[in-house]
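Q: Pasting a structure here, questions to come.
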Amino acid sequence: MGSNFGGYSILEDSIIGQLRMAGKRIAFMGDDTWTTVFPTSFEPNMSYPYDSFNVEDLHTVDEGVVEHLFPLLRNDTKPWDFLIGHFLGVDHVGHRLGPDHPVMKAKLEQMDNVLRSVVDLLDDDTLLVLMGDHGMDRKGDHGGDTELEVTAAVWFYSKGRPVFNPVASISPSLLPMSTFPGALIPHRSIQQIDLVPSLALMLGLPIPFNNLGSIVPELFWDDIAGQRFDQALRLNVEQLKRYLQTYRASPHGSELDASWSILETLYAQTTAEGLEPTVEKDGSWASLKDLWGTVSEDKESVQTWSAMNNYLRTTLAICRHLWAQFNITLITMGLVLLVSGTVAIAALWLKLGQLKDDWEAQTDGFLREGMYGLAVGIILGTASLLLWSSAKGVEPWQTVLFAGSVTSCLAVIISARPKLSLSHLKSFPIVLVLHAAAFASNSFTVWEDRIITFLLLSTLAPSVLTGFAAPTARLRYRILGFSVLFAVCVRLIAISTVCREEQQPHCHVTFFASATITASPTPVLVLAIPTALALPYFIRRILRISQSDKGLAAIFLPWILPAILLQGAAAWLLEWAESSDIVPEYVSLVRIARTLLGWGAIGGALAIGASLWRVIPLCLHVSASQPTSPTEKTEVTVLGFSNAFGSPYLMFWCIALGVFYAVNQLTAQIVLGLTTVAIVAYLEVLDSVHDVNNLNIAFASSTPSSILDMESPRGGNSAVVFSEITPLALLALHTFYATGHQSTISSIQWKAAFVLTSTLKYPISPVLVVLNEFSAQFLLALGTPLVALWNLAPLPHPTAIVQARRESVRAALGMMLYHGTLLLGSAVASAWLRRHLMVWKIFAPRFMNAAATLAVVDLALLLGIGVGVSRISERVGKLFGAKGAKTQKVQ
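Written out as C-alpha cells, the structure is:
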C-alpha cells in the first residue's frame, strides 16, 4: 500500500528494460513517476517529466504533454521507437472537483481533440495504445478495490495492418467478459498484467522474465485459423514455464513443492501431439523464437489453447496464493504484545484510582520497573537467538523487540497490580466491549459510523436518569438541558456522511454537494462564516457561567480565535470559488489569498495564540482590597476560581482547534464546531452530575450541614470513572466519520495538502493531509483532561493540584485504554478472519486505522499532559500558594 504514494527505481526485468536492451529509443512526457522508476531509460532530449502530485493544477501536465508530443510526432529529426504520453488532467479533476463537475466535461473534450490529432499524425506502421492506469469512484477518487476504481478502458489502433481480424471466430473460453457498474450487457475485459506480454511480443521483444500475464488473443488473431495466436501463446507458456523452473531452483523454491505436480500436469496438457518443448534445450530466448516456425495449425485445437490458457491462469492464481501468505508467528507475537500492552494500561488505570498524594512517586516506580523489564527482555531475547535459531519468517531484531516489549509490560502489570473487588464489576465497560466485538462482523465494521451514533447517545442515559432525580430544580434543568444540547449536536453531526462502496445503495453523501461533485453543499457555504463567528461566542458564554471568561479568555475568545476561524473558513470559500470557476480572471490572486489565509490561520494559532497562552494561561481576575486596620488581612477577590484549571486548558485546546479548523473543508469545519459545542455541553453535564452526587453524599451523611461548606462541585467524589471517558472516545470516531472520512484509502482528502502552498511541498503537504485525516481523534484526545479539570477548584493547596494532575493522567489512560482495546479487537478480527473474502477490503483497513488512531491519541495525550496540564498546574500553584496567607473571596 505504501508503494502507492512513492516510487523507486525498478530493478526487475520490464518492458522498458527490454526496449533499452534492444537499442530502442524511448521518448516520454507527463507524470514524473516514470522518471523515478525508470531514471536512466528515456532519451535525455526526449524526456519531459512534470510534477504528478499537484492535484490543484488541472492543466500544466496536460499542456506540457501536448507541447512536446506533437513536435515529436511531426519531426523526423528526433526519431523514436517507443513514446509514452501520460496525461493527468482527468485524474486531477476527479480528485479535486469530482467526475460530474463541468470542468471534467471540458477536460474530456480536450483529451478527445488530442486523441483525434494523434490519430491523424500516426504512420501506417505505428501502434497506438490508449489506456487508463486506474478508474475513479463516484466522487473522483481511487485507491480502493471497487469495480469503478480498478477498471479502466484500453484501445489498440493501427492505421496500417488491422490489429484484429473482425471475421475471426475466437473461442469464448479465451475471452472473459465482465459487466461494468451501470452497464446492461457484459463487455470484454483483460487484466492489466496481460498488457506487458502482449506488447512485448507485438514489438518483437522477449516477454519480461517475471511477468505472469497472458497475451490478449485478439491482438494476435490476424488470420482465420489463429496460427499466429497459437505461436504467441506458446511463447507465453514457455516464458512462464522457464520462470517457474528458475523460481523453484531459488532459495524460496520450496514454496512451489505442494503445487508442482499440478503445474507439471497442466503444462503437459499444453504440448501438442508430436511437438517437443524445445525450450528445454537451453532456455534461451533464441530457442523460444524458434517455436514460431515449428507449429502447424492442424496440430492445434481449441482444447489445446484452452489448456494453455488454463496453465497460465492457474499459475497466476497459485503464485498469488503463495505470495499472500500470513506469518502466523508474527501475527501471534503482535497479538500477545497488544494484549500485554492493553492489560498494562488497564492495570495503571485501576491502580492510579487507588493512589493518593504520593501517586507521582509510585508511578515513577512503575515506569522504572517497566524499563528494567525492557532491559531484561532485550537480554533474554538476544540470549535466545544465541541458543536457538529464530523462528521461520521472524527476523532477529523482531525477536529482541518482542521480548523486550512484553517483559516491560509484564513488569508494569506486576508492579502496578491493583486491588480488585466485586465493586469493579459495577463499572464494567460494556460499551467498549460491544464496540470492540463489532469488528468481528464485516457488516458492523462497514456500518460503524451508524453504530457509534447509537452507542454515543446511549452513554448519556445514566446522566439523564440522574437529572430526573436531581434534588434541585437548577441541577435538573442543567443536566437535562445540556444533555439535550449534546444529543442534538450528535444528531446534527451524524447528518454529514461520506459513503463507502459497501454501504450502497443505503447511504446518501451529504459531506459533499453530491456523490460525484466534491464541492461543499450550498447550506454549508452559507453557514461557514456564521459558524466561525458563533463558536468563540458560545465558548465565552459557557465560561461566563463560572466567571472564568477573564484573563486570557477575555483576549483570546473575542479577538484572536474568531480571526483564526474566519481565515480558515475564508480560505476554503475561496477554494470553492476557484474550483467553481466563478472568478477565472483572478485565479492567481485567489490562490495567493488562499495561501495567505491558510498561513494566517495556522500561524496565528501557533504563534499568537500559543505565545499568549504560554505567558498568561490562566482565565482569572484577581483584585485585592486594602485592610482598614493593621489587624486585618488583605482580602483578595478571585473571579473564575471554581474553574481555575478547566478554563485555561480549554484555551489551550482552542489553539489546536484553530490549527485543525484550517486544514478541514467547510463541511468538516461546521462538524468541528458542533463537536466543540458537544464537548462543552458534556462537561457541563458531568459537572452537574458531580454536584448531584456530592449533594446526595452530603444528605446521606451524619452531617448534612457540610453542604454549606462545599466550595467546589468537585470537592466531593471527584475521581474520574471510565464511563466518563467513553463518550469522548466515541465522539472522536463519530466526528472522524462526519468530517468526510472512512476506513478506506479513497476517502483521504488530498485537497488539504494545498492549504499552505499552491504546489506539493515536502514535508508540509503530507503533514497537512495527516492533520486533516486525524483531526477528530487528536482534538478529542487532547480534550480528555478536561473531564478531570472542569470546574475543579484550586484549593486546598496543594491537594487540589495533586488531584488535578493525577485525575488528568488517569483520564488520559482511560482514553488510551479505549482506543487500545479497539486496536486489539480489530487486530484479533483481522487475524482470525485473515482468509475472509473481505479481509483486505474491510478488516485490514479498519485495523490500520485503529493503529494510526492510537498513535495519534497517544501523541495528543502526551502533549496535553506534558504541556497543557503541567503549565496550568504550575501557574495555579504559584498563584494560590502565594496567596495562602491572605483572606480570599472566590467566585
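Residue numbering for the sequence shown follows this note's numbering, starting at 1089 and increasing by one per position. In this text, a Cβ means the ideal position worked out from N, Cα and C, and glycines have one as well.
1) Please return the same chain residues whose Cβ sits closer than 7 Å to the Cβ of A1766, not counting the five positions on each side in sequence.
2) Of the residues V1255, N1253, L1171, which one's Cα is nearest the Cα of L1980?
3) Using a Cβ-Cβ cutoff of less than 8 Å, which residues in the same chain neighbour M1396 once the five nearest sequence positions on both sides are dropped?
4) Taking DSSP as the reference, what is the three-state secondary structure of F1824?
5) Using a Cβ-Cβ cutoff of less than 8 Å, which residues in the same chain neighbour D1169 once the five nearest sequence positions on both sides are dropped?
6) Quick one: what does DSSP say N1781 is sitting in, helix, strand or coil?
7) Measuring straight from C-alpha to C-alpha, what distance separates G1691 and V1751?
8) So does the segment 1767-1774 actually touch the segment 1910-1918, counting three or more Cβ pairs closer than 8 Å?
9) My output table needs one value for M1926: the three-state DSSP class, helix, strand or coil.
10) Kindly indicate which three-state DSSP category T1845 falls into: helix, strand or coil?
11) Using the Cβ count rule (16 or more neighbours within 10 Å means buried), how would you classify D1386?
12) Can you give the beta carbon distance from G1746 to I1652, rounded, assuming they're within the 8 Å contact cut?
13) Hey, could you find the ends of the alpha helix (DSSP H) Y1850 is sitting in?
14) Going by other Cβ atoms of all chains shown within 10 Å of its Cβ, with 16 needed for buried, is T1366 buried or exposed?
15) Comparing alpha-carbon positions, which option in L1291, F1599, I1406, V1890 lies nearest K1444?
16) Can you tell me where the beta strand (DSSP E) holding H1596 begins and where it ends?
17) From G1429, R1538, W1660, pick the residue whose C-alpha is nearest to that of T1823; which is it?
18) Restricting to runs no shorter than 3 residues, where is the beta strand (DSSP E) found entirely within the segment 1311-1344?
19) Note down the Cα distance separating A1681 from L1568, rounded to an integer number of angstroms.
20) Confirm, please, whether the CB-CB distance from G1232 to I1833 is below 8 Å.
21) Do F1748 and N1856 count as a contact pair if the criterion is CB distance below 8 Å?
22) Taking the alpha carbon of T1121 as the point to measure from, which residue in N1133, F1175, D1164, D1145 has its own alpha carbon closest?
23) Output needed for N1080: all residues of its chain with C-beta closer than 6 Å, excluding positions within five of it in sequence on either side, in chain order.
24) Out of curiosity, what's the CA-to-CA distance linking F1268 and R1276?
25) Rounded to a whole number of angstroms, what is the C-alpha to C-alpha distance between S1384 and P1254?
26) Is A1479 helix, strand or coil by DSSP?
27) Using only alpha-carbon positions, find the residue among I1930, A1864, W1535, L1548 that is nearest to L1942.
28) Check for me: the alpha helix (DSSP H) holding F1935 runs from which residue to which?
29) Taking D1179 as part of the alpha helix (DSSP H), name the residues at either end of that continuous run.
30) Which residue comes first and which comes last in the beta strand (DSSP E) that contains G1173?
31) Candidates A1271, F1862, W1838: which alpha carbon is nearest A1826's?
32) Quick check: what's the CA-CA separation for I1433 versus Q1837?
33) Residues in the same chain with beta-carbon distance under 6 Å from F1414, minus the five sequence neighbours each way, listed in chain order, please.
34) Taking only runs that begin and end inside the segment 1215-1239, name each unbroken beta strand (DSSP E) of 3 or more residues, in chain order.
35) Closest to M1904 by C-alpha separation, out of D1150, K1247, L1816, would be which residue?
36) With DSSP as the reference, please indicate the residues paired to Y1138 in a beta bridge.
A: Let me lay it out:
1) Counted from its first residue, the sequence shown places residue 1766 at position 678. Here the set comprises F1574, C1577, V1578, L1819.
2) Given that the chain is displayed from residue 1089 to residue 1979, the structure contains no residue 1980 and the question cannot be resolved.
3) Position 308 of the sequence shown, counted from the start, is the residue given in the question as residue 1396. Hits under 8 Å: L1321, R1322, N1324, V1325, T1358.
4) Reading the sequence shown from its first residue, position 736 is the one you call residue 1824. Here F1824 sits in helix by DSSP.
5) Reading the sequence shown from its first residue, position 81 is the one you call residue 1169. The residues are L1107, K1112, R1113, I1114.
6) Here residue 1781 is taken as the residue at index 693 of the sequence shown, counted from 1. Helix at N1781.
7) Position 603 of the sequence shown, counted from the start, is the residue given in the question as residue 1691. Position 663 of the sequence shown, counted from the start, is the residue given in the question as residue 1751. Cα to Cα, G1691 sits roughly 12 Å from V1751.
8) no
9) Taking the first residue of the sequence shown as 1, we reach residue 1926 at position 838. Correct three-state label for M1926: coil.
10) Mapped onto the sequence shown, residue 1845 falls at position 757. In this structure, T1845 counts as coil in the three-state DSSP scheme.
11) The residue you call residue 1386 lines up with position 298 of the sequence shown. Because D1386 sits at a pLDDT of 44, beneath the cut-off of 50, its placement in the model cannot be relied upon, and the point is left open.
12) Translated into positions along the sequence shown, residue 1746 becomes position 658. Translated into positions along the sequence shown, residue 1652 becomes position 564. Contact holds; Cβ gap of about 4 Å.
13) Counted from its first residue, the sequence shown places residue 1850 at position 762. Looking at the DSSP string, Y1850 is not in any alpha helix (DSSP H), and its letter there is neither H nor E.
14) Here the question's residue 1366 lines up with position 278 in the sequence shown. With a pLDDT of 42 at T1366, under the threshold of 50, the modelled position of this residue cannot be trusted; read the value that follows with caution. Classification for T1366: exposed.
15) Residue 1444 sits at position 356 when you count from the first residue of the sequence shown. Selected option, being the one with the closest Cα: V1890.
16) Your numbering for residue 1596 matches position 508 in the sequence shown. That residue, H1596, is in no beta strand (DSSP E); it is neither H nor E in DSSP.
17) Locating residue 1823 in the sequence shown gives position 735, counting from the first residue. It is R1538 whose Cα lies nearest to the Cα of T1823.
18) none
19) As a working mapping, residue 1681 is identified with position 593 in the sequence shown. As a working mapping, residue 1568 is identified with position 480 in the sequence shown. Near 45 Å, if we compare the C-alpha coordinates of L1568 and A1681.
20) Taking the first residue of the sequence shown as 1, we reach residue 1833 at position 745. Taking the first residue of the sequence shown as 1, we reach residue 1232 at position 144. In contact: I1833 and G1232 (Cβ atoms closer than 8 Å).
21) The residue given as residue 1856 occupies position 768 in the sequence shown. The residue given as residue 1748 occupies position 660 in the sequence shown. Rather than Asn, the amino acid found at residue 1856 in this sequence is Leu. Cβ atoms of L1856 and F1748: not closer than 8 Å.
22) Walking along the sequence shown from the start, residue 1121 turns up at place 33. Looking at the Cα atoms, F1175 is the closest of the given residues.
23) The displayed coordinates of the chain run from 1089 to 1979. Any statement about residue 1080 would go beyond what the structure contains.
24) Counting from one through the sequence shown, the residue named residue 1268 turns up at place 180. Counting from one through the sequence shown, the residue named residue 1276 turns up at place 188. Spanning the two alpha carbons is a distance of roughly 10 Å.
25) Looking up residue 1384 in the sequence shown gives position 296. Looking up residue 1254 in the sequence shown gives position 166. At S1384 the pLDDT is 41, less than 50, meaning the model places this residue with poor confidence and gives no usable figure here.
26) Translated into positions along the sequence shown, residue 1479 becomes position 391. Looking at A1479 - three-state DSSP - the assignment turns out to be coil, as it is neither helix nor strand.
27) Here residue 1942 refers to the residue found at position 854 when the sequence shown is read from its first residue. Of the listed residues, the one whose Cα sits closest to L1942 is A1864.
28) The residue you call residue 1935 lines up with position 847 of the sequence shown. Here the alpha helix (DSSP H) through F1935 covers 1932-1951.
29) For the purposes of this step, residue 1179 is identified with residue 91 of the sequence shown, where counting begins at 1. First-last of the alpha helix (DSSP H) with D1179: 1177-1184.
30) As a position in the sequence shown, residue 1173 is number 85, starting the count at 1. That run of the beta strand (DSSP E) goes 1170-1174.
31) The residue labelled residue 1826 in the question sits at position 738 within the sequence shown. Answer by Cα proximity: F1862.
32) Within the sequence shown, residue 1433 is the residue found at index 345, counting from 1. Within the sequence shown, residue 1837 is the residue found at index 749, counting from 1. One C-alpha to the other measures close to 33 Å.
33) Counted from its first residue, the sequence shown places residue 1414 at position 326. So the qualifying residues of the chain are R1922.
34) 1215-1219
35) For the purposes of this step, residue 1904 is taken as the residue at position 816 of the sequence shown. Of the listed residues, the one whose Cα sits closest to M1904 is L1816.
36) Taking the first residue of the sequence shown as position 1, residue 1138 is located at position 50. According to DSSP, which records beta bridges pairwise, Y1138 is partnered with D1119.
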